[in-house]
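Asks:
6 protein chains.
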Amino acid sequence: MDFDRALVIAPHPDDEILGVGGFIKKLSDAGCEVTVLTVSGHLPPLYSEEVFATTVKEAEKAHILLGVAHCEYLKIPATKIGDVPISELNGKVIGAVNDFKPSLVLCPYPDRHIDHRLVFDAAMVATRPIGAAGLNIKLIAAYETLSETHWNAPHIECNFVPNWVVDITNSIEVKKQALSCFESQISPFPGPRSIKAVEALAMFRGTQSGFAYGEGLHIIRMTS
Amino acid sequence: MDFDRALVIAPHPDDEILGVGGFIKKLSDAGCEVTVLTVSGHLPPLYSEEVFATTVKEAEKAHILLGVAHCEYLKIPATKIGDVPISELNGKVIGAVNDFKPSLVLCPYPDRHIDHRLVFDAAMVATRPIGAAGLNIKLIAAYETLSETHWNAPHIECNFVPNWVVDITNSIEVKKQALSCFESQISPFPGPRSIKAVEALAMFRGTQSGFAYGEGLHIIRMTS
Amino acid sequence: MDFDRALVIAPHPDDEILGVGGFIKKLSDAGCEVTVLTVSGHLPPLYSEEVFATTVKEAEKAHILLGVAHCEYLKIPATKIGDVPISELNGKVIGAVNDFKPSLVLCPYPDRHIDHRLVFDAAMVATRPIGAAGLNIKLIAAYETLSETHWNAPHIECNFVPNWVVDITNSIEVKKQALSCFESQISPFPGPRSIKAVEALAMFRGTQSGFAYGEGLHIIRMTS
Amino acid sequence: MDFDRALVIAPHPDDEILGVGGFIKKLSDAGCEVTVLTVSGHLPPLYSEEVFATTVKEAEKAHILLGVAHCEYLKIPATKIGDVPISELNGKVIGAVNDFKPSLVLCPYPDRHIDHRLVFDAAMVATRPIGAAGLNIKLIAAYETLSETHWNAPHIECNFVPNWVVDITNSIEVKKQALSCFESQISPFPGPRSIKAVEALAMFRGTQSGFAYGEGLHIIRMTS
Amino acid sequence: MDFDRALVIAPHPDDEILGVGGFIKKLSDAGCEVTVLTVSGHLPPLYSEEVFATTVKEAEKAHILLGVAHCEYLKIPATKIGDVPISELNGKVIGAVNDFKPSLVLCPYPDRHIDHRLVFDAAMVATRPIGAAGLNIKLIAAYETLSETHWNAPHIECNFVPNWVVDITNSIEVKKQALSCFESQISPFPGPRSIKAVEALAMFRGTQSGFAYGEGLHIIRMTS
Amino acid sequence: MDFDRALVIAPHPDDEILGVGGFIKKLSDAGCEVTVLTVSGHLPPLYSEEVFATTVKEAEKAHILLGVAHCEYLKIPATKIGDVPISELNGKVIGAVNDFKPSLVLCPYPDRHIDHRLVFDAAMVATRPIGAAGLNIKLIAAYETLSETHWNAPHIECNFVPNWVVDITNSIEVKKQALSCFESQISPFPGPRSIKAVEALAMFRGTQSGFAYGEGLHIIRMTS
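Chains as they are written, first to last, in the numbering used here: chain E, 1 to 224; chain C, 1 to 224; chain A, 1 to 224; chain H, 1 to 224; chain P, 1 to 224; chain R, 1 to 224.
#1: Opposite E:A142 in the DSSP bridges: which residues?
#2: Output, in chain order, the set of chain P residues within a Cβ distance shorter than 7 angstroms of R:L135.
#3: Taking only beta-carbon positions, decide if A:I114 is within less than 8 angstroms of chain E.
#4: Expressed to the nearest angstrom, what Euclidean distance is found between the alpha-carbon atoms of E:A69 and E:S48?
#5: Which residues in the same chain as R:G206 place their Cβ atom closer than 8 angstroms to its Cβ, once the five residues preceding and following it in sequence are excluded?
#6: Of the residues P:G210, P:H42 and P:K175, which one's Cα is nearest the Cα of R:G134?
#7: State the DSSP-derived secondary structure class of P:A59, mapped to helix, strand or coil.
#8: Along the stretch 130 to 159 of chain A, what residues have a CB closer than 7 angstroms to any CB found in chain E?
#9: Apply the 10 Å Cβ neighbour rule to E:D121 and answer buried if 16 or more other Cβ atoms are within range, or exposed otherwise.
#10: If you check the beta carbons only, do R:P226 and R:D15 fall under 8 angstroms apart?
#11: Reducing DSSP to helix, strand and coil, say where P:D167 ends up.
#12: Is the distance from the Cβ of R:D115 to the Cβ of R:A78 below 8 angstroms?
#13: Identify the contact partners of E:V161 in chain R, using a Cβ-Cβ distance below 7 angstroms as the criterion.
#14: From C:A123 to R:T55, what distance separates their C-alpha atoms?
#15: Using a Cβ cut-off of 8 angstroms, pull out every chain R residue sitting near C:R205, in sequence order please.
#16: Can you find at least 3 beta carbon pairs, one from the stretch 50 to 66 of chain H and one from the stretch 178 to 191 of chain H, that sit closer than 8 angstroms?
#17: Starting from the C-beta of C:F23, find all residues in its chain whose C-beta is less than 6 angstroms away, skip the five residues before and the five after it, and write them out in chain order.
#18: Can a CB atom of chain R be found closer than 8 angstroms to the CB of C:R5?
#19: I'd like to know if the stretch 56 to 67 of chain A and the stretch 127 to 146 of chain A are in contact, where contact means that at least 3 CB-CB pairs between them fall below 8 angstroms.
#20: Can you tell me the Cα-Cα spacing of A:K175 and A:A62, whole angstroms?
#21: How many angstroms separate the CA atom of C:S298 from the CA atom of R:G82?
#22: Just the C-alpha distance for E:A30 and P:E33, rounded to the nearest angstrom, thanks.
#23: Apart from the five residues just before and just after E:F40, which ones in its own chain have a Cβ nearer than 6 angstroms to its Cβ?
#24: Report the partner residues of A:R147 according to the DSSP bridge assignment.
#25: A:E157 by DSSP, collapsed to three states: which one?
#26: Quick one: residues in its chain with C-beta nearer than 7 angstroms to the C-beta of C:P144, no 5 flanking neighbours on either side, listed in chain order?
#27: Identify the contact partners of H:F189 in chain P, using a Cβ-Cβ distance below 8 angstroms as the criterion.
#28: Taking the beta carbon of C:E148 as the centre, do at least 16 other beta carbons fall within 10 Å, making it buried, or is it exposed?
#29: So is R:P154 buried or exposed if we call it buried at 16+ other beta carbons inside 10 Å?
#30: Give me the Cα-Cα distance between P:S171 and P:A178, rounded to the nearest whole angstrom.
#31: Using DSSP's beta-bridge definition, name the partner residues of A:P77.
#32: What residues from chain C crowd round R:G82, counting only those whose CB sits closer than 8 angstroms?
#33: Any beta carbon of chain E sitting closer than 8 angstroms to that of C:V165?
#34: Give the interface partners of P:P192 over in chain H, defined as CB-CB distance under 9 angstroms, in chain order.
#35: Who are the near neighbours of E:Y73 in its chain, counting only those whose CB is closer than 6 angstroms to its CB and skipping five residues on each side?
#36: Just the chain P side, please: which residues come within less than 8 angstroms of A:I220 by C-beta, in chain order?
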């Protein structure tokens with residue numbers, strides 16, 4: 001499957017690495033131009049500007065490792081996405097889609113973290129199969145964010161079951177390095193977002209689909 | 001998306017046309033080798049051998065129109081698939097997968113018709129991501145069979161919701177011609193399997209995804 | 001099934017026609033008094049007052065064709081329904097139910113458009129089987145809104161599967177005329193809301209249930 | 001809602017009373033002709049002929065109380081429905097539908113008891129919206145069978161959630177009397193099929209929909 | 001199963017009794033320390049301060065009967081929970097979890113009442129399996145709130161299906177007494193929240209699991 | 001949670017170890033008497049008697065490591081469970097439950113392997129909350145079987161989502177040793193049933209619930 005332009009929508013810095021860090025590396029290695037749109041961030045009032053600056057720096061390091069071409073930050077404070085008028089939030093994500101014209105869009109699965117749900121909603125609106133940019137998208141899929149995604153209430157809320165697994169055997173090491181850039185976000189084993197937990201999930205997803213390591217996605221709309 | 005070899009598994013002659021006739025034409029036009037595996041047929045004791053022969057002839061005409069390269073008939077009498085020992089049925093479908101080594105497998109959605117459910121089950125076993133042939137498959141998806149699929153009980157049984165729509169604007173006419181070959185199976189409008197109903201479904205699936213005409217599929221496993 | 005008073009709740013002008021235009025005509029022809037409650041509209045700040053006035057005029061023309069007896073506009077700006085305090089929004093819809101005392105209520109299916117979800121929620125509260133007006137309701141069902149309803153994410157969000165199909169063979173032509181009144185909303189084929197797409201959906205729903213043309217609904221609560 | 005002819009399909013004698021005994025009485029009181037089709041029975045090899053004869057006598061007493069017009073017994077031994085060739089089982093149920101031409105069909109919800117699932121499947125095939133008899137059906141719904149239905153595995157198998165509740169306030173007493181006829185099947189409180197449990201379920205279903213006592217159903221297909 | 005400390009989260013006074021009044025009594029009798037956290041209340045602007053004071057007095061009486069050790073009121077006005085910034089609401093519920101360190105948490109099922117959904121969300125965040133307090137929790141389950149829970153739209157929204165039933169045969173009488181304390185909230189039969197409806201639900205849940213009376217819960221996360 | 005007698009139902013030798021090997025060890029260490037009921041086996045006609053004997057020997061070694069007290073083999077040939085009359089299969093599993101009187105029953109999740117589904121069905125019948133043995137059961141849960149469980153078709157068939165995670169940090173090593181006894185069944189990494197895949201799944205399940213290693217289960221019915 002060939003994609004020339006991939007837009008990865010992340011609620012917060014590091015979600016895109018947790019979800020599809022290996023896939024991003026694989027895409028950029030294959031010549032695909034990858035843009036990351038980071039909607040929210042560790043900003044005041046819950047966090048200081050310094051925390052945000054730190055995570056952006058960590059993200060920049062990680063993105064270089066993964067070959068990300070561009071990164072845009074919408075700078076909405078974490079847990080405050082719901083305070084932004086919906087038409088304004090949608091407008092910004094639609095703008096990114098219209099500007100970048102991706103053929104592949106990867107967004108967060110709607111899960112325990114309210115920001116993930118709101119970003120998912122905005123991504124769904126922005127990728128509707130209408131308009132030149134919308135019709136250009138060949139595939140939209142939602143990635144899992146370790147821990148938050150698996151904390152959805154079983155059978156009350158939606159539960160992540162992948163229908164697409166990307167072989168990241170060749171990029172699992174870089175994914176782990178990229179995650180290690182986020183000193184502020186990663187916890188030691190057995191933390192739910194420890195490097196070992198990330199590796200375990202990749203091994204589980206991979207081995208169930210014929211690979212050593214994989215990243216699972218939920219395909220929302222594919223056209224061909 | 002490029003597929004070199006596609007295996008289309010059909011419970012009975014014509015299901016593959018109803019479900020993915022337009023896609024088959026598109027695949028063969030693009031140079032993909034398409035094999036149709038027809039598991040069951042209108043055979044004794046419910047039908048006479050003549051009826052089976054008629055449907056096979058109809059299928060052959062249709063397949064020529066669509067560019068199908070090979071067609072294999074397992075010749076299990078309709079509604080009797082459940083009488084075949086499971087390991088034998090699975091063995092036959094596994095054999096077809098091992099022999100043909102497809103990168104794309106299209107199978108029926110499990111629905112009102114018991115044969116569709118049993119063929120779906122066998123297809124799921126035969127396409128597990130193990131073994132050389134299994135690991136060669138890049139995509140498995142289930143197609144809808146007009147009427148039977150839409151007669152699953154809402155919210156009691158699984159209900160078809162496509163996550164993949166194939167643009168068949170350029171092959172809808174050939175699909176309709178191919179269906180017209182099945183004089184024994186197609187009914188006049190407003191029959192649930194009339195040509196007009198087939199066209200309406202294609203228009204509905206297509207327009208909801210940016211095309212004039214489309215075929216909807218439920219992706220079961222994609223790897224890349 | 002006989003209904004003397006039907007309340008159709010629409011998020012925006014034209015949703016009621018897309019969803020149940022044919023059914024409205026059938027109801028009014030049978031002597032049922034039909035009221036349309038339009039919750040939101042193309043109003044400032046996203047739209048000018050002129051746009052709203054235009055859609056209201058279009059709706060009025062359409063309603064005459066369909067035999068709608070009354071239409072009420074709550075005039076909440078589109079995408080701003082979430083800004084109205086929930087108790088106020090609920091109060092207004094409850095008021096409409098209490099005033100009109102319908103035996104049948106038709107509301108939008110909760111889908112891609114946030115307004116549809118919020119109106120659905122309010123309709124669910126307003127039709128609870130309590131109080132004189134609530135207990136008078138014999139049937140509540142949700143209609144599909146072409147395109148928005150089919151853009152819900154498969155298997156992550158709820159997906160429309162009808163358990164009630166209304167034969168609109170005798171009113172499909174009037175439904176198409178009523179939709180044609182909405183010059184500002186309808187797009188040419190293969191637009192997802194083109195007249196041809198509307199007709200295709202009606203033909204698909206109808207033929208799967210024994211009719212030439214039908215409108216599908218999801219029954220939420222029926223009592224008898 | 002007016003039905004002139006109702007077909008109630010029961011896996012075993014008493015299921016129809018547990019599920020819709022009150023509704024049957026209500027229908028017959030309103031002049032509807034009610035036929036009960038009992039597919040299986042307590043027959044050899046698991047039971048003696050005497051047990052079957054006893055349950056039939058019990059059913060006859062119950063049916064007189066409820067105003068059932070006809071009762072047909074297919075006499076397939078309990079738990080052996082799966083041994084009957086599917087086309088033969090379907091043929092018998094289709095035959096009953098074709099002979100009786102019901103406008104309303106009530107069938108068991110597919111649940112813990114394998115016979116209930118097989119009878120549900122046959123009912124689904126027999127009521128497809130095709131053919132004169134199929135197109136004559138206005139409503140098909142599945143009733144709950146106390147205990148078996150509530151022993152489906154939560155969220156692994158389908159779980160009964162009613163979308164139709166019938167007011168049986170005026171027939172709950174007769175329903176209890178009809179159930180009392182089944183001395184061989186009813187257990188003392190707190191047995192899952194005790195008269196008190198039946199009354200509790202009716203009160204629960206009723207009070208959640210505005211009635212003192214109700215019977216819950218899952219509508220599968222309604223047309224109008 | 002032994003729990004030393006149970007936290008019951010209630011949207012409004014009386015929800016905890018409707019849902020798990022019998023279980024609370026059983027827990028306190030067994031020596032478990034039970035805290036009730038009441039998030040919202042009948043406060044201005046929708047209600048007068050007097051109404052709130054009345055419901056608190058009613059709750060206090062009920063809690064004494066049930067052996068509740070502590071009760072905390074967050075005093076957010078009913079239907080206004082959505083107006084509290086999410087991080088603030090979450091902070092308060094997290095605070096209660098951190099202070100009390102429960103091994104068992106019982107929360108409302110997300111249902112028709114918007115407050116129930118928002119409290120459910122906050123409970124899900126506050127009980128994530130991280131941090132000392134989070135890791136101390138052995139079981140989190142959602143209880144049903146008679147009427148609101150059963151007014152979720154079938155198959156559009158989540159529908160309550162219990163996977164845990166607690167035997168309350170020995171505490172059903174006290175539960176009914178505790179509910180009777182809420183003169184302002186309980187309605188006469190056949191009201192959906194009448195004492196008889198509560199008893200019917202308990203009998204239905206109980207008899208389907210081997211008890212005379214039971215309370216049903218949906219287990220969200222159990223660890224052992 | 002204290003269980004004195006646990007019955008683990010396995011379709012084939014090794015399924016019980018893949019699913020709950022660590023939990024079995026934990027239970028036996030805590031003084032619980034564990035019985036394994038193995039329903040099917042690698043027997044003629046698909047396998048030679050030698051293969052069956054080999055897997056039984058492997059199982060015996062594994063069971064000693066895990067502290068299993070008893071193991072019973074029903075010796076039904078693999079993939080032939082469907083050929084056993086349902087009442088006979090149910091009778092055998094019911095017999096095991098009646099004889100052993102477990103307070104905890106663990107059974108396979110119904111998945112890709114038809115034997116797993118049939119054993120699940122029989123386990124559901126055998127553990128109904130009726131009769132002395134049925135009422136003695138406090139908890140029934142379904143375990144995942146690496147690979148087969150994860151090959152259920154997403155959103156068409158049921159998909160495993162655990163609501164119970166057992167901490168097996170102290171028994172993961174013994175679980176791996178026990179699995180290593182099955183030389184005939186375990187494949188090298190990245191095989192879907194390699195020891196590394198088993199460890200990865202345990203680490204994924206564990207870290208998402210606060211442990212280093214865990215086993216996930218789907219609770220079907222808990223009573224207390």
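C-beta atoms are modelled at their ideal positions from N, C-alpha and C, and glycine is treated no differently.
Replies: Here's the rundown:
#1: Beta-bridge pairing by DSSP links E:A142 to E:C107 and E:H218.
#2: The contacting residues are G210.
#3: For A:I114, the nearest beta carbon of chain E is closer than 8 angstroms to its own beta carbon.
#4: Across the structure, E:A69 and E:S48 are spaced so that their CA atoms are roughly 28 angstroms apart.
#5: Excluding sequence neighbours, R:G206 sits near V165, D167, I168, T169, A212, Y213 and G214.
#6: Answer by Cα proximity: P:G210.
#7: Three-state DSSP puts P:A59 in a helix.
#8: Within the stretch 130 to 159 of chain A, those residues whose Cβ lies closer than 7 angstroms to any Cβ of chain E are, in chain order, W151, A153, P154 and I156.
#9: It is buried - the Cβ of E:D121 has at least 16 other Cβ atoms within 10 Å.
#10: Nothing about residue 226 of chain R can be reported from this structure: the residues present for chain R run from 1 to 224 only.
#11: In this structure, DSSP gives P:D167 an extended state, which the three-state scheme calls strand.
#12: Cβ distance < 8 angstroms, so R:D115 and R:A78 count as in contact.
#13: Scanning chain R for C-beta atoms nearer than 7 angstroms to the C-beta of E:V161 yields P154, H155 and N159, reported in chain order.
#14: Going from the Cα of C:A123 to the Cα of R:T55 covers about 28 angstroms.
#15: Neighbours of C:R205 in chain R, taken as residues whose beta carbon is under 8 angstroms from its own, are absent, since the nearest beta carbon is some 18 angstroms off.
#16: Judged by Cβ distances under 8 angstroms, the stretch 50 to 66 of chain H makes contact with the stretch 178 to 191 of chain H, as three or more pairs qualify.
#17: Cβ neighbours of C:F23 beyond the five flanking positions: V166 and E215.
#18: False, the Cβ-Cβ gap to chain R never drops below 8 angstroms.
#19: The stretch 56 to 67 of chain A, when compared against the stretch 127 to 146 of chain A, does not touch it at the 8 angstroms Cβ threshold.
#20: Looking at the two C-alpha atoms, the distance is approximately 9 angstroms.
#21: Outside the displayed range of chain C (1 to 224) lies residue 298 of chain C, so it cannot be described from this structure.
#22: Here the alpha carbon of E:A30 sits roughly 60 angstroms from the alpha carbon of P:E33.
#23: Going by the sequence as given, residue 40 of chain E is Ser instead of Phe. Sequence-distant partners of E:S40 (beyond 5 residues in either direction) whose C-beta falls short of 6 angstroms from its own C-beta, in its chain, are P11, H12, I76, A78, I81 and D115.
#24: Looking at the sequence itself, residue 147 of chain A is Ser, so the reference to Arg does not match. Answer is none; A:S147 lacks a bridge partner.
#25: DSSP places A:E157 outside both helix and strand once states are collapsed to three, so it counts as coil.
#26: For the sequence presented, residue 144 of chain C should be read as Glu rather than Pro. Same-chain partners within the cutoff: G19, Y109, F160 and G216.
#27: Within 8 angstroms Cβ-Cβ: T207 and A212.
#28: Buried, by the Cβ-count rule.
#29: Buried is the call here.
#30: C-alpha of P:S171 to C-alpha of P:A178: approximately 10 angstroms in a straight line.
#31: Beta-bridge pairing links A:P77 to A:G41.
#32: Within chain C, the C-beta atoms nearer than 8 angstroms to that of R:G82 come from I86, in chain order.
#33: Output row for C:V165: interface = yes.
#34: Near P:P192 (Cβ distances below 9 angstroms), the residues of chain H are T207, Q208, S209 and G210.
#35: Counting only residues of its own chain and dropping the five nearest sequence neighbours on each side, E:Y73 has a CB closer than 6 angstroms to the CB of T38.
#36: The answer, in chain order, is A153, P154 and I156.
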